[in-house]
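Asks: So for the sequence shown, this note's numbering puts the first residue at 2; every next one is plus one.
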Amino acid sequence: MSADPDISGTFALKGRVLTFNQGPDRYDYWEKGCVVIEDGLITAVGDAAGVNSKNHSAVIDYGEDLILPGFIDGHVHYSQMGVIASYGTKLLDWLNTYTFPEEAKFLDPEYAADTARFFLAESVKNGFTTSAVFCTTHPQSVDAYFSVAEERGLRTIAGKVLMNRHGPDELCDTAETAYDQSKSLIEKWHGKGRCLYAVTPRFAPTSTSAQLEAAAALYRESDGVYVQSHVAENVAEIEWVAELFPAAQSYLDIYQRFGLLGERTLYGHGIHFSNADITMAAESGATIVHCPTSNLFLGSGLFEYRKLKAAGVEIALGTDVGGGTSLSPFATVKAAYEIAQFRDTSFSPFEAFYLLTSGGAKALRLEDKIGRIAPGYEADLTILDMNSTDIIRRRLRNADSLSDALFAQIILGDDRAVRAVIANGKPIYEKSGGDSLKEYDR
Ligand code: GUN
Ligand code: ZN
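(1) Between Tyr355, Ser349, Ala114, Ala341, which lies nearest to aspartate 74 when the distance is taken from Cα to Cα?
(2) So tyrosine 430 packs on valine 125, CB below 8 Å; how close in whole Å?
(3) Starting from threonine 390, trace the alpha helix (DSSP H) both ways and give me its first and last residue.
(4) State yes or no: is the C-beta of lysine 33 within less than 8 Å of the C-beta of alanine 45?
(5) Can you list, in chain order, the residues of its chain with a C-beta nearer than 8 Å to that of arginine 27? Leave out the 5 residues immediately preceding and following it.
(6) Kindly confirm or deny that the stretch 110-130 and the stretch 167-180 touch, where touching means at least three C-beta pairs closer than 8 Å.
(7) Would DSSP call phenylalanine 21 helix, strand or coil?
(8) Could you please go through the chain and list the residues whose beta-carbon is closer than 6 Å to any non-hydrogen atom of the ligand GUN?
(9) For lysine 363, count neighbouring Cβ atoms within 10 angstroms of its own Cβ and tell me buried if that reaches 16, exposed if not.
(10) Under three-state DSSP, which class holds leucine 14?
(11) For glycine 34, name the three-state secondary structure that DSSP assigns.
(12) Should glycine 24 be counted as a contact of the ligand ZN given a C-beta to heavy atom distance under 7 Å?
(13) Just checking histidine 291 against the ligand ZN - is the residue's beta carbon closer than 7 Å to any of the ligand's heavy atoms?
(14) Any chance the CB of histidine 76 is under 7 Å from a heavy atom of the ligand ZN?
(15) Excluding the five sequence neighbours on either side, which residues of its own chain have a C-beta within less than 6 Å of the C-beta of leucine 357, listed in chain order?
(16) If you measure from the CB of glycine 271, is any heavy atom of the ligand ZN nearer than 7 Å?
(17) Considering only heavy atoms of the ligand ZN, does any lie closer than 7 Å to the CB of phenylalanine 298?
(18) Closer than 7 Å to a non-hydrogen atom of the ligand NAP - does that hold for the CB of phenylalanine 135?
(19) Quick test of your reading: lysine 310 and isoleucine 316, contact by CB under 8 Å. State the CB separation rounded to the nearest angstrom.
(20) Is the beta carbon of isoleucine 272 less than 8 Å from the beta carbon of alanine 353?
(21) Can you check which of these residues, Leu382, Gly64, Ser327, is closest to aspartate 416 by C-alpha distance?
(22) At 4 residues or longer, and completely inside the stretch 85-123: list those alpha helix (DSSP H) runs for me, N to C.
(23) Using CA atoms only, rank isn't needed, just tell me which of Glu111, Tyr256, Thr178, Phe298 is closest to tyrosine 88.
(24) Sort out for me which residues DSSP pairs glycine 323 with in a bridge.
(25) Can you grab the Cα-Cα spacing for the pair serine 183 / tyrosine 198, in whole Å?
(26) Considering only C-alpha positions, which residue in the set Gly323, Lys193, Thr130 is nearest to lysine 427?
(27) With distance defined between alpha-carbon atoms, name the residue in Val232, Val18, Pro202, Asp278 nearest to cysteine 173.
(28) Opposite proline 202 in the DSSP bridges: which residues?
(29) For phenylalanine 351, which residues in the same chain have their Cβ closer than 8 Å to its Cβ, ignoring the five residues on either side in sequence?
Here it is in structure tokens:
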């Protein structure tokens with residue numbers, strides 16, 4: 002393979018091609034497929050015999066590798082790279098002991114820029130081309146993140162964390178600075194290149210009512226901006242929230258009352274929901290982001306995927322690093338599968354790859370732009386080596402279907418399975434012999 006980072010304009014990829022349409026059971030698969038990319042967009046896809054790729058300046062042949070839409074991480078904190086794998090606490094102690102001191106370091110723009118570069122290199126190396134990202138309360142942490150994401154040509158959603166109580170002074174803003182700083186960050190970044198802004202109140206307990214009102218005003222006033230936060234993750238957190246907001250019916254109801262539920266609102270976790278909460282989430286159009294490795298690591302609880310899905314709730318998947326333990330899409334869906342096992346429900350390989358691609362795009366309201374390999378879609382692609390380790394190769398001797406081969410990747414795969422990543426029609430990552438990152442990852 003000769004993925005040249007200078008490739009621009011028109012080129013074609015050959016290989017196995019898999020893309021989901023409206024659901025996990027509705028997909029197109031070409032054993033010998035071809036994808037044509039022109040100026041950052043996909044212009045044709047289909048069986049290689051039927052797609053004209055002759056006129057293109059370059060054809061990259063991936064052989065038996067699998068070409069998929071780039072993966073989508075619906076909830077992650079780039080600012081918590083440094084506290085991934087921190088021992089021995091549940092949510093509230095974990096925040097106070099590890100997370101808040103780490104986030105305080107983002108006062109330093111160089112620390113923020115270095116972490117943003119590292120985070121995006123790792124995320125891309127794992128096959129993600131879009132993430133919804135929490136920065137810190139410091140506006141410079143947002144500038145640092147978007148600068149690197151824009152440089153890489155990534156479609157991304159991110160925002161400044163809002164928190165004005167129950168945190169260390171170094172991290173607390175006010176209702177006014179939260180509004181003013183977010184407003185100017187929206188003006189600077191929302192719609193710049195492929196960047197999109199999310200108003201990001203950390204979670205209800207760290208914002209006063211005045212700050213939640215300011216967040217809702219930003220969401221109302223700014224066309225197309227997102228909201229992202231956390232909800233119903235941990236039992237002690239929920240009891241605390243009930244004391245802080247006694248008038249609300251539930252944790253989710255707080256966000257509803259402040260006008261923070263609707264299209265383009267992304268809430269991490271949603272584990273401990275009543276039936277009324279599930280109905281509220283479905284009717285409001287809010288997205289719940291399932292973060293399985295985090296839920297296991299912090300002992301938060303077992304997400305009820307099947308129940309929320311049956312009620313019509315939009316669901317995305319998130320790595321939630323640093324509460325989450327991995328930036329791997331495989332580790333994430335493996336944990337989702339294991340949680341579903343505890344809930345006595347299925348979580349099929351097609352469901353997993355659907356949520357990582359087209360389903361995730363729909364839940365992030367980006368279904369007209371990313372998540373599919375189809376004409377007119379932005380050319381974000383992840384190419385998987387289906388035989389990346391000896392154990393996978395041996396296991397695949399027994400694989401009798403695409404679904405089975407994909408399941409083996411989920412359970413056994415890691416970043417060695419990611420052969421290459423293309424974003425906005427440009428190769429941005431190619432696996433080298435060892436574990437090192439190529440120069441254009443840095
Ligand atoms: N709730 C409030 N802040 C956080 C955070 O940083 N991570 C997780 N997992 N939950 C939160
Ligand atoms: Zn989180």
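Backbone N, C-alpha and C define an ideal beta-carbon position, used for all residues, glycine too.
Replies: Taking the definition as stated:
(1) In the sequence shown, residue 74 corresponds to position 73, counting from 1. Nearest to aspartate 74 by alpha-carbon distance, out of Tyr355, Ser349, Ala114, Ala341, is Tyr355.
(2) Counting from 1 along the sequence shown, the entry for residue 430 is found at position 429. Counting from 1 along the sequence shown, the entry for residue 125 is found at position 124. Rounded, the Cβ-Cβ distance is 5 Å, consistent with contact.
(3) Along the sequence shown, one-based indexing puts residue 390 at 389. Where threonine 390 is concerned, there is no enclosing alpha helix (DSSP H), given that its DSSP letter is neither H nor E.
(4) The residue labelled residue 33 in the question sits at position 32 within the sequence shown. The residue labelled residue 45 in the question sits at position 44 within the sequence shown. Not closer than 8 Å, so no.
(5) The residue labelled residue 27 in the question sits at position 26 within the sequence shown. Closer than 8 Å at the Cβ level, and outside the excluded window around arginine 27, lie Phe21.
(6) Counting C-beta pairs closer than 8 Å gives fewer than three between the stretch 110-130 and the stretch 167-180, which falls short of the contact rule.
(7) Here residue 21 is taken as the residue at index 20 of the sequence shown, counted from 1. In the structure shown, phenylalanine 21 falls within a strand segment according to DSSP collapsed to helix, strand and coil.
(8) Going along the chain, the residues that qualify are His78, Leu92, Leu96, Thr100, Arg203, Phe204, His231, Glu234, Ser295, Asp321, Gly324.
(9) Position 362 of the sequence shown, counting from 1, holds the residue named residue 363. The residue is buried, with at least 16 neighbouring Cβ atoms inside 10 Å.
(10) Position 13 of the sequence shown holds residue 14. Per DSSP, reduced to three states, the secondary structure at leucine 14 is strand.
(11) For this step, residue 34 is matched to residue 33 along the sequence shown. DSSP, reduced to helix, strand and coil, places glycine 34 within a strand of the structure shown.
(12) Within the sequence shown, numbered from 1, the residue matching residue 24 stands at position 23. Distance from the C-beta of glycine 24 to the nearest heavy atom of the ligand ZN is not below 7 Å.
(13) Start at 1 with the first residue of the sequence shown, and residue 291 comes out as number 290. Set against 7 Å, the gap from the CB of histidine 291 to the closest heavy atom of the ligand ZN is not smaller.
(14) Working through the sequence shown from its first residue, we reach residue 76 at position 75. Using a cutoff of 7 Å, the CB of histidine 76 counts as near the ligand ZN, since one of the ligand's heavy atoms is closer than that.
(15) Mapped onto the sequence shown, residue 357 falls at position 356. Result list for leucine 357: Phe72, Pro330, in chain order.
(16) As a first step, residue 271 is located in the sequence shown; it is residue number 270 there, counting from the start. Every heavy atom of the ligand ZN is 7 Å or more from the Cβ of glycine 271, so no.
(17) For the purposes of this step, residue 298 is taken as residue 297 along the sequence shown, with counting starting at 1. It does not: the Cβ of phenylalanine 298 is nowhere closer than 7 Å to a heavy atom of the ligand ZN.
(18) No copy of the ligand NAP appears in this structure; the ligands present are the ligand GUN and the ligand ZN.
(19) Here residue 310 refers to the residue found at position 309 when the sequence shown is read from its first residue. Here residue 316 refers to the residue found at position 315 when the sequence shown is read from its first residue. So it is a contact: roughly 6 Å between Cβ atoms.
(20) Sequence index remark: in the sequence shown, residue 272 carries index 271 (1-based). Sequence index remark: in the sequence shown, residue 353 carries index 352 (1-based). The criterion of a C-beta distance shorter than 8 Å is not satisfied by isoleucine 272 and alanine 353.
(21) On the sequence shown, position 415 is the one that residue 416 refers to. Among Leu382, Gly64, Ser327, the Cα nearest to that of aspartate 416 is on Ser327.
(22) Given a length threshold of 4 residues, each whole run of the alpha helix (DSSP H) inside the stretch 85-123 is given here in chain order: 92-95, 101-105.
(23) The count along the sequence shown starts at 1 and reaches residue 88 at position 87. Here the closest residue by C-alpha is Phe298.
(24) Here residue 323 corresponds to residue number 322 of the sequence shown, with the count starting at 1. Per DSSP, none; premise fails for glycine 323.
(25) Your numbering for residue 183 matches position 182 in the sequence shown. Your numbering for residue 198 matches position 197 in the sequence shown. Cα-Cα distance, rounded: 9 Å.
(26) Locating residue 427 in the sequence shown gives position 426, where the first residue counts as 1. Checking every option, the nearest Cα to that of lysine 427 belongs to Thr130.
(27) As a first step, residue 173 must be located in the sequence shown, where it is residue number 172. When each option's Cα is compared against that of cysteine 173, the closest is Pro202.
(28) Mapped onto the sequence shown, residue 202 falls at position 201. Paired residues: Leu163.
(29) Within the sequence shown, residue 351 is the residue found at index 350, counting from 1. Taking C-beta separations shorter than 8 Å and ignoring five residues to either side along the sequence, the partners of phenylalanine 351 in its chain run Phe21, Pro25, Asp26, Tyr28, Ser404, Leu407, following chain order.
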